[in-house]
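Okay, structure first, notes after.
In the numbering used here, the protein residues as written are 38 to 130.
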């Protein structure tokens with residue numbers, strides 16, 4: 038019986054802190070190719086395009102394709118010389 042009491046006294050409650058929770062969830066967002074870590078799933082998804090030839094965003098004017106929507110928007114301005122947004126096609130992946 039004394040052994041049980043000693044065992045119970047030695048056990049500490051298992052409590053995780055918010056920083057530990059963040060570390061655990063961040064481990065899920067690691068690039069499988071280069072092992073870079075990301076704070077958001079969308080950022081990991083966008084990053085993974087670097088390791089592939091996928092370019093899902095296409096210029097509606099010249100059909101040039103890009104990995105990132107912001108890059109195609111900047112490219113479209115080279116055709117129009119204005120800051121208004123033109124139509125952007127998203128290719129099916």
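Even for Gly, the Cβ is constructed at its ideal location relative to N, Cα and C.
In this structure, what does DSSP give as the bridge partners for residue i?
| i | result |
| --- | --- |
| residue 74 | 67 |
Would you mind sorting residue i into buried or exposed? The rule is 16 or more other CB atoms within 10 Å of its CB.
| i | result |
| --- | --- |
| residue 109 | buried |
| residue 87 | exposed |
Given this structure, state the Cα-to-Cα distance separating residue i from residue j, to the nearest angstrom.
| i | j | result |
| --- | --- | --- |
| residue 63 | residue 115 | Here the model assigns residue 63 a pLDDT of 49, short of 50, so the residue's position is not dependable and the matter cannot be decided. |
| residue 72 | residue 117 | 39 angstroms |
| residue 106 | residue 76 | 20 angstroms |
| residue 104 | residue 112 | 12 angstroms |
| residue 151 | residue 89 | Outside the modelled stretch of the chain, which goes from 38 to 130, sits residue 151, for which no answer is possible. |
Compute the minimum distance between the beta carbon of residue i and the heavy atoms of the ligand MN, and state whether it is under 8 angstroms.
| i | result |
| --- | --- |
| residue 69 | Ligands displayed in this structure: none; no statement on the ligand MN is therefore possible. |
What are the boundary residues of the alpha helix (DSSP H) that includes residue i?
| i | result |
| --- | --- |
| residue 114 | 106-117 |
Does the stretch 67-82 come close enough to the stretch 97-105 to have 3 or more Cβ pairs within less than 8 angstroms? In this structure the stretch 67-82 does not lie against the stretch 97-105, because fewer than three pairs of beta carbons, one per stretch, are closer than 8 angstroms.
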